[in-house]
Structures are given as structure tokens and as C-alpha cells.
Amino acid sequence: MIEDGLAELHTHLGGSVASDILWSLAHEQGIALPVKDFWEFDALVTVSDPRGVENLDALDRI
Numbered sequence: 103m104i105e106d107g108l109a110e111l112h113t114h115l116g117g118s119v120a121s122d123i124l125w126s127l128a129h130e131q132g133i134a135l136p137v138k139d140f141w142e143f144d145a146l147v148t149v150s151d152p153r154g155v156e157n158l159d160a161l162d163r164i
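Quick note: to get the working numbering, add 102 to the position in the sequence shown (first position is 1).
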């Protein structure tokens, strides 16, 4: 059970670690990935807003 006010870290961690680091760690630790190509993996773990963000102030408008 998650107490109110706590974030689910696993849902946010991917955004704070570069995809090449995630790729390397998965291979070093023998974790099976759903794709074999790095660029497919990169697209899989990269979340982007299709509207784009011009700068940090623009995040407030999303």
C-alpha cells in the first residue's frame, strides 16, 4: 500500500536516466529486454510531448 504523498519511484526513474545507461545496465545484469535494437529500445523508453517544450517556463503551460 502506498501512503498519500509518496511517488511511485519506478514510474519516474526512467526519465532521469539516459537510455544508453539503462541499455548498458540491462545487458550487464542479464535483464531480458523486449527489443534487441538499441534505437527501438530508446524509442520505447523515451517519453516526449508531441507539442514540444520551448523552455522550462513552457512546462507550466502543458
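Don't be surprised by glycine CBs; every beta carbon is placed ideally from N, CA and C.
Exercise. In whole angstroms, what is the alpha-carbon distance linking E156 and V147?
Worked result: Whole-angstrom Cα-Cα distance: 22 Å.
Exercise. Can you name, in chain order, every residue of its own chain whose Cβ lies under 7 Å from the Cβ of L135, other than the five neighbours on each side?
Worked result: Answer for L135: A128, F143, listed in chain order.
Exercise. Leaving out five residues before and five after W125 in sequence, what residues of the same chain have Cβ atoms less than 6 Å from its Cβ?
Worked result: For W125, the CB contacts under 6 Å within the same chain, skipping 5 residues up- and downstream, are F140, F143 in chain order.
For this session: Helix, strand or coil for E156, going by three-state DSSP, please let me know.
Result: Taken through DSSP and simplified to helix, strand or coil, E156 comes out as coil.
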